[in-house]
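Student:
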Amino acid sequence: MAMEVFQTETHYIFLRKERSLWWNRYSSEFQLKCGWDLSSVDDIECIGVTHGIVGTIALQGVLEPHLIVIKEVVPVGVLYAPHLVYKIKSIAVLGPDGADTLLLGCSKHNTNQTVKIAPAAVSSGGGGTMIPPEGHPSPKSRLFESSALVNKTWGAVKSAGSTIRNTTEKAAAIATSQVKSTVSLVVKDPVRIEKRVIDELHKIFDDTDSFYYSPNCDITNNLQRRGAPPDDRFYWNKPMLAELLKVAVDGERPDGPGADWVLPIIQGFVQVEQCVIGNECFT
């Protein structure tokens with residue numbers, strides 16, 4: 001289920017019904033709060049919706065903390081009915097200075113201006129009245145001036161040996177190796193280094209068609225292990241969710257107070273087909 005994404009000067013806020021998840025844009029810390037806490041923020045901007053959180057990435061001295069979220073998905077099929085499995089089609093990267101690409105628009109809010117949320121705006125039903133700001137629109141509206149498609153300049157060059165990159169760490173290593181060979185570039189042009197890393201992240205997710213998840217079902221385990229904690233061997237983004245896991249789960253309990261914010265993602269290939277045996281239909 002898609003959730004709304006808001007931004008303030010210090011946080012990105014994810015709203016799901018009466019609950020919210022706050023991510024500090026500078027310290028990379030997560031906080032679980034109720035939806036009503038949005039009413040305590042003076043200026044807040046809805047920047048769109050997301051299907052889930054992939055995790056955070058940071059490279060000390062090279063890349064400040066950035067949060068990777070799911071922008072677009074494609075349904076693959078039903079596994080363990082009625083749970084749907086989705087393929088990640090594209091991502092967005094949220095950083096200290098804003099999002100690198102336009103998120104899908106929010107049907108509730110006008111995403112090109114700052115809005116002020118009245119205390120009655122956040123409720124369990126998700127309704128409320130949005131009060132437009134006085135004066136000029138937020139300068140952050142510049143985030144939405146260009147299409148996300150402009151950033152996808154890679155073309156269609158793929159091969160069996162290079163299509164799938166196994167980890168985000170590999171993307172970081174590629175950029176880091178380039179930095180080591182030109183150390184002065186980090187000081188002179190940090191924006192260029194940041195762009196290299198973010199470009200690699202988009203290559204990994206947008207161009208490989210190899211990342212899958214289910215919002216309400218664990219697909220890291222097989223049928224025999226269904227109900228067990230997620231299998232770390234296939235839990236691709238667990239290291240990226242380390243900070244979120246600290247606040248979202250209670251010890252080793254997978255059903256902690258914020259566990260539904262945690263989204264295990266696998267890398268590989270998923271195909272769901274129907275099979276008829278006798279008069280029974282299976283997937």
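Going by UniProt numbering, the letters in the sequence shown line up with residues 1 to 283, in that order.
Idealized CB from N, CA, C, for every residue including glycine.
For the candidate residues E243, L21 and S214, whose alpha-carbon lies nearest to that of A81?
Tutor: Counted from its first residue, the sequence shown places residue 81 at position 81. Ranking E243, L21 and S214 by Cα distance to A81 puts S214 first.
Student: In terms of alpha-carbon separation, which member of V73, P264, V78 and L104 lies closest to C275?
Tutor: The count along the sequence shown starts at 1 and reaches residue 275 at position 275. Of the candidates V73, P264, V78 and L104, the one whose C-alpha sits nearest the C-alpha of C275 is V78.
Student: Taking DSSP as the reference, what is the three-state secondary structure of W236?
Tutor: Taking the sequence shown and counting its residues from 1, the one referred to as residue 236 is at position 236. Of the three classes helix, strand and coil, the one that applies to W236 here is coil, per DSSP.
Student: Measuring only the C-alpha atoms, how far is T56 from E273?
Tutor: Against the sequence shown, residue 56 aligns to sequence position 56. Against the sequence shown, residue 273 aligns to sequence position 273. C-alpha separation (whole angstroms): 34 Å.
Student: DSSP on S210, reduced to helix/strand/coil?
Tutor: On the sequence shown, residue 210 is found 210 positions in, with the first residue counted as 1. Three-state DSSP puts S210 in coil, outside helix and strand.
Student: Can you tell me whether I193 is buried or exposed? The criterion is at least 16 other CB atoms within 10 Å of its CB, across all chains shown.
Tutor: Here the question's residue 193 lines up with position 193 in the sequence shown. Buried: at least 16 other Cβ atoms inside 10 Å.
Student: What residue does the beta strand (DSSP E) around L84 start on, and which one ends it?
Tutor: Residue 84 sits at position 84 when you count from the first residue of the sequence shown. Here the beta strand (DSSP E) through L84 covers L84 to G95.
Student: Going by C-alpha distance, which of D199, P96, D42 and T50 is nearest E64?
Tutor: The residue given as residue 64 occupies position 64 in the sequence shown. For the residues D199, P96, D42 and T50, the minimum Cα distance to E64 belongs to P96.
Student: For V41, I'd like the list of residues in its chain whose CB is within less than 6 Å of its CB, leaving aside the five on either flank, ordered along the chain.
Tutor: Numbered from its first residue, the sequence shown carries residue 41 at position 41. Excluding sequence neighbours, V41 sits near T8.
Student: Spatial neighbours of P230 within its chain, please: CB distance less than 8 Å, with the 5 preceding and 5 following residues excluded, ordered by chain position.
Tutor: Within the sequence shown, the letter at position 230 stands for residue 230. Same-chain partners within the cutoff: D218, T220, N221, K238, P254 and P264.
Student: Measure the C-alpha to C-alpha separation of I70 and G268 and round it to an integer number of angstroms.
Tutor: What you label residue 70 is simply residue 70 of the sequence shown in a count that begins at 1. What you label residue 268 is simply residue 268 of the sequence shown in a count that begins at 1. Looking at the two C-alpha atoms, the distance is approximately 17 Å.
Student: Measure the C-alpha to C-alpha separation of F30 and P75 and round it to an integer number of angstroms.
Tutor: Your numbering for residue 30 matches position 30 in the sequence shown. Your numbering for residue 75 matches position 75 in the sequence shown. C-alpha separation (whole angstroms): 29 Å.
Student: Below 6 Å CB to CB, which residues in the same chain sit around S90 once its five sequence neighbours on both sides are set aside?
Tutor: Start at 1 with the first residue of the sequence shown, and residue 90 comes out as number 90. Excluding residues within five positions, the ones whose Cβ falls inside 6 Å are K71, E72 and D206.
Student: Could you say which of Q271, G227 and A259 lies nearest to F211 if we only look at CA atoms?
Tutor: Against the sequence shown, residue 211 aligns to sequence position 211. Taking only the C-alpha atoms, the option nearest F211 is Q271.
Student: Does Q267 come out as helix, strand or coil in the three-state DSSP assignment?
Tutor: For the purposes of this step, residue 267 is taken as residue 267 along the sequence shown, with counting starting at 1. Correct three-state label for Q267: strand.
Student: Between V62 and K203, what straight-line distance do the alpha-carbon atoms span, to the nearest angstrom?
Tutor: For the purposes of this step, residue 62 is taken as the residue at position 62 of the sequence shown. For the purposes of this step, residue 203 is taken as the residue at position 203 of the sequence shown. C-alpha separation (whole angstroms): 19 Å.
Student: Assuming H51 and A2 form a contact by the criterion Cβ under 8 Å, report the distance between their Cβ atoms to the nearest whole angstrom.
Tutor: Residue 51 sits at position 51 when you count from the first residue of the sequence shown. Residue 2 sits at position 2 when you count from the first residue of the sequence shown. Sure, about 6 Å apart at Cβ, within 8 Å.
Student: Nearest CA to the CA of C34: which residue from Y26, G258, A242 and D189?
Tutor: The residue given as residue 34 occupies position 34 in the sequence shown. Comparing Cα positions, the closest option is G258.
Student: Within the region 26-91, note down every full beta strand (DSSP E) run reaching 3 residues or more, in order along the chain.
Tutor: The region 26-91 contains these whole beta strand (DSSP E) runs: 30-34, 45-50, 52-59 and 63-78.
Student: By Cβ distance, which residues of its chain are closer than 7 Å to residue 309, with the 5 residues on each side in sequence left out?
Tutor: It is not possible to answer for residue 309, since the shown part of the chain is limited to 1 through 283.
Student: Round the Cβ separation of I53 and W261 to the nearest angstrom and send it over; I've been treating them as touching at under 8 Å.
Tutor: Position 53 of the sequence shown holds residue 53. Position 261 of the sequence shown holds residue 261. Right, the Cβ-Cβ distance comes to about 7 Å (below 8 Å), so this counts as a contact.
Student: Might you give, ordered along the chain, the residues of its own chain that have their beta carbon closer than 7 Å to the beta carbon of L103, omitting 5 neighbours on each side?
Tutor: Residue mapping note: residue 103 aligns to position 103 of the sequence shown, counting from 1. Here the set comprises V5, I47, G48, V49, T50, K71 and A92.
Student: Are the CB atoms of L32 and V247 nearer to each other than 7 Å?
Tutor: Here residue 32 refers to the residue found at position 32 of the sequence shown. Here residue 247 refers to the residue found at position 247 of the sequence shown. Cβ distance < 7 Å, so L32 and V247 count as in contact.
Student: Excluding the five sequence neighbours on either side, which residues of its own chain have a C-beta within less than 8 Å of the C-beta of E252, listed in chain order?
Tutor: Position 252 of the sequence shown, counting from 1, holds the residue named residue 252. Confidence at E252 is low in this model, with a pLDDT of 49, below 50, so the placement of that residue should be treated as unreliable; the coordinate-derived value is given next. P229.
Student: Is the closest heavy atom of the ligand SAH to the C-beta of G55 under 6 Å?
Tutor: Here there are no bound small molecules, and the ligand SAH is not part of this structure.
Student: Tell me which residues share the same chain as L241 and place their Cβ nearer than 7 Å to its Cβ, disregarding the 5 neighbours each side in the sequence.
Tutor: The residue given as residue 241 occupies position 241 in the sequence shown. Around L241: G55 and V262.
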